[in-house]
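In full-length UniProt numbering, the protein residues as written are 1 to 1113.
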């Protein structure tokens, strides 16, 4: 780089290659981040890439991407909803499985066949996905034949097993084989492969689906998504008809660029070379496969070339035929083609057939198209799709007409007005349709990461502030997404990912420069220093604060991000009662410190009858009540299975322990069903009750899926005996108020969210040598020279600044009180205030830690602590309170539980004000039902978990209320349920300082051999001979027995303080009393109400004397 000035977002040059979904998303996100010098080069004369909508009559057809796949977390769906691109009625689009099956002899199979077949094959597909996700033996068993480990082998074996069971599918070999062969071809069009034999079971599980409707039509056409993405980019940014010949990264000389060169360059076919600081390459995987050895200079690294080679990229094509008039019924979904006895002609003594003779057998069927009453669309994939591209349109039309006549057993058809077919494999800048993971990907730890990883330069350049690892060439596109490959939303998210990567890169280096240039200004804002700082004024933080006072440590400060205390405890007074947004009940009595506190202080509700939860009437979506005998029977089976799981924490008792709670529960339930001799209707109801229990248990554990819950760790949780659901008369916040009243004035500073934690300040100076001891989990430092300590992150020693008392040791110790005279920890808050301390107790939720620890801690947390945070489960549950003027349910009804027995995707539109609201995101499927709330005349409490809890927060109160009332009407069969008089709901996921509800023990905890101790254990600093607990961790997730509970959080705060207390006791074994824990009076009285402190100091000393006198008794 020739510039001597520092780069900024306004001067850095970025080129995006490709104006498909990934490229447009990347460019839009770059502009959103403040980059302004961005150019998008596109080889074709249009934008959109593999999204291509063509007008046909009054509507359109999709030549590329067809549907939005899922809703929750899908940016395509979010764009469509925000811009009203979806149809008013969200009827599901027709798919191949909705159509009627016909044979080549013109025979029509049963109309129920498609649905039955879909259920079986969907179950097999889900089993295949679970086998990969849970490391089933089929994934890792090296003794299995290679075919048995492919998706085709898995499907074949499972299909035969299903046929042996009680099923209505035809048992005749010709029909069952034809069905399976058809499904494999159909699946090829979904996956984009030539055959399922190319895909392994392991790779099958890598793809993740977004929750919600998997096939959503865009009424305005998919191109409206492209136009929306482009609307965030200035018009002159995109250069069309600009194919690229090479992407070039210059060779460095002694870590410096050649004179006049930038870190990357784009060489176009028209001869222009565009130099840039970064290039984001979004070309298709098909293009990379064919041209990677000519497209890049120098050649790509071997690992990236190998990833490109083994990742699959196939061809899927469509054939649209517009007829003069429809010859199919108005409600028809189309026709799926079954080839019976499809033995090659040469096997029967006939002439050998070529692909020219058989390509049309690759067409899985012809299907109706939304808003095109005269159009059918045929789908085909693989080699047949590629061969079709070599034919002219007349040849394709003739073959398709003959195919339809044969399968429909008709002599003639209406005239074909127009035929439109796609040729994606012949498109020179695409060379295929979309990606899939082959069995060869199994040998690469993370093929997606290899595809997505940028090419970097170790660049020493003044414009970048010195030596940096510079990302010159970045990669995006659907194939680079680890879970959403082959989709438009995967492409969009990959483009956003690379734009965010560059934004983080420039933020990091600008932050470093700002630190160097403004350090003295920053340190003028240091507010105070304390022996202990507690982050978070939830129950764990308050418990720690009270424990510090009880142990005569008064020099502490609690920093709370919110304007209130309580964290995930939040009560709202409503009439004479309280609405609990967070913690609802005290769970148990014996050994529960919260119960003991509430009992001693008369906080308990006078009515301690059991509050109903997950009880009452179990109703189906048809408005029928499930027989209580069936409900209780399934409940007993599930309850026993959960009890069984509690024993797995003692592994010596069992030869085999299932991986997850979900695995075991599912197995026990299926065994139970096998022993039942029920009718189909009763079995359907039992499965509905089973699904309700699985959903309810996910809510209870705040998890997304029961397969996430470790079976071996399930029994680690312990319940306190006694009433499991105890109400408080003045709300759970009364416990918070009780603790607040015990604290000294000004102990808590609100609206103070921590943004940076420098927990090992010595590590930030060049004069300190440090290492990390993995065995003792401590950071070791030795002081070379401390004269410069604080120069980078603090002012020079000054008598006027008692925050830094420089001695010849980093943690200099007083003669009588072995305490550091400098402060190794610094906390910077979002409001600019800064605090120094000796010990930091962190009580944030695991959700916040997961989201923030990469940028919060400096230096980074040790790897064992990072992994402990990442592997701890943490999810969201939310509550919905509906209060009615009068109950519409019987007096003896304890609740209304929703039992879904059909796979319904949508509810009818609901009225919100004067508008119709279509509940497009199916969060309500994760709503277990409504419990009757104790103490109210007519209050219902709904519990929603899993992804639905997160999705629900996107909608307004009015929309959520309307959906809930609609559900109650459907399930109760009462059409005249009035609107609620009051509505309340929680939003714990979008709360930036909770990001969810509570924790659980995951399969990953066990698989990675991480325990709660790794999450709980402090991060220490070793200075000379002092093993110093710098960072201490508290919060419900850190308690070994009572995680996910208020009493667990309370005990964790006390435990953290005990660790500090034990540390000082070990240092002062020779001291006879506890005086070393009492603060110097000068420090104690500073900036505080003297009279109140005098009284408090006397109390502190008195307590210390009592503890000293009673020591040993």
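Yeah, the Cβ is synthetic: ideal placement off N, Cα and C, and Gly gets one too.
Only a predicted model underlies this, so the values are computations on that prediction, with no experimental measurement involved.
Going by DSSP in three states, residue i sits in which element: helix, strand or coil?
i, result
"residue 471", "strand"
"residue 696", "helix"
"residue 1028", "strand"
"residue 75", "helix"
"residue 165", "coil"
"residue 249", "coil"
"residue 989", "coil"
"residue 181", "helix"
"residue 601", "coil"
"residue 1012", "helix"
"residue 757", "strand"
"residue 729", "coil"
"residue 119", "helix"
"residue 750", "coil"
"residue 626", "coil"
"residue 257", "coil"
"residue 1115", "This structure leaves residue 1115 out entirely; the chain is present only between 1 and 1113."
"residue 13", "strand"
"residue 501", "helix"
"residue 191", "helix"
"residue 54", "strand"
Can you tell me where the alpha helix (DSSP H) holding residue i begins and where it ends?
i, result
"residue 867", "863–871"
"residue 734", "733–742"
"residue 31", "21–32"
"residue 449", "447–452"
On the DSSP bridge list, what partners appear for residue i?
i, result
"residue 929", "897 and 943"
"residue 981", "In the DSSP output, where bridge partners are listed per residue, residue 981 has none listed."
"residue 100", "335"
"residue 881", "941 and 984"
"residue 619", "625 and 898"
"residue 1202", "Given that the chain is displayed from residue 1 to residue 1113, the structure contains no residue 1202 and the question cannot be resolved."
"residue 200", "150"
"residue 959", "Answer by DSSP bridge pairing: none, since residue 959 is not bridged."
"residue 69", "BP columns for residue 69 are empty, so no partner."
"residue 124", "None, per the DSSP bridge assignment."
"residue 566", "538"
So is residue i buried or exposed if we call it buried at 16+ other beta carbons inside 10 Å?
i, result
"residue 601", "exposed"
"residue 991", "buried"
"residue 951", "buried"
"residue 253", "exposed"
"residue 742", "exposed"
"residue 410", "exposed"
"residue 1128", "What the structure shows of the chain is the stretch from 1 to 1113, and residue 1128 is not part of that stretch, so it cannot be assessed."
"residue 50", "buried"
"residue 676", "exposed"
"residue 620", "buried"
"residue 105", "exposed"
Starting from residue i and walking both ways along the beta strand (DSSP E), at which residues does that stretch end?
i, result
"residue 227", "First-last for residue 227: 223–230, but that is the alpha helix (DSSP H), not the beta strand (DSSP E)."
"residue 717", "Segment: none, residue 717 is in no beta strand (DSSP E) and carries neither H nor E."
"residue 592", "Residue 592 -> no beta strand (DSSP E), and no H or E assigned at all."
"residue 667", "No beta strand (DSSP E) contains residue 667, which is instead part of the alpha helix (DSSP H) from 661–675."
"residue 1050", "From DSSP, residue 1050 is part of no beta strand (DSSP E) but of the alpha helix (DSSP H) over 1046–1067."
"residue 999", "998–1000"
"residue 548", "Counting along the chain, residue 548 falls outside any beta strand (DSSP E), though it belongs to the alpha helix (DSSP H) covering 539–550."
"residue 559", "556–559"
"residue 571", "571–574"
Using a Cβ-based criterion (distance less than 7 Å to any ligand heavy atom), does residue i qualify as near the ligand HEM?
i, result
"residue 747", "Absence of the ligand HEM from the depicted structure is noted, as is the absence of any ligand whatsoever, leaving it without description."
Self-check item: 4-residue-minimum alpha helix (DSSP H) runs that sit fully inside the stretch 825–858, ordered along the chain
Solution: 846–856
Quiz item: In chain order, which alpha helix (DSSP H) runs of at least 4 residues are fully inside the stretch 266–331?
Solution: 285–295 and 302–310
Self-check item: 4 or more residues per run - each alpha helix (DSSP H) lying fully within the stretch 352–437
Solution: 355–358, 382–388 and 393–408
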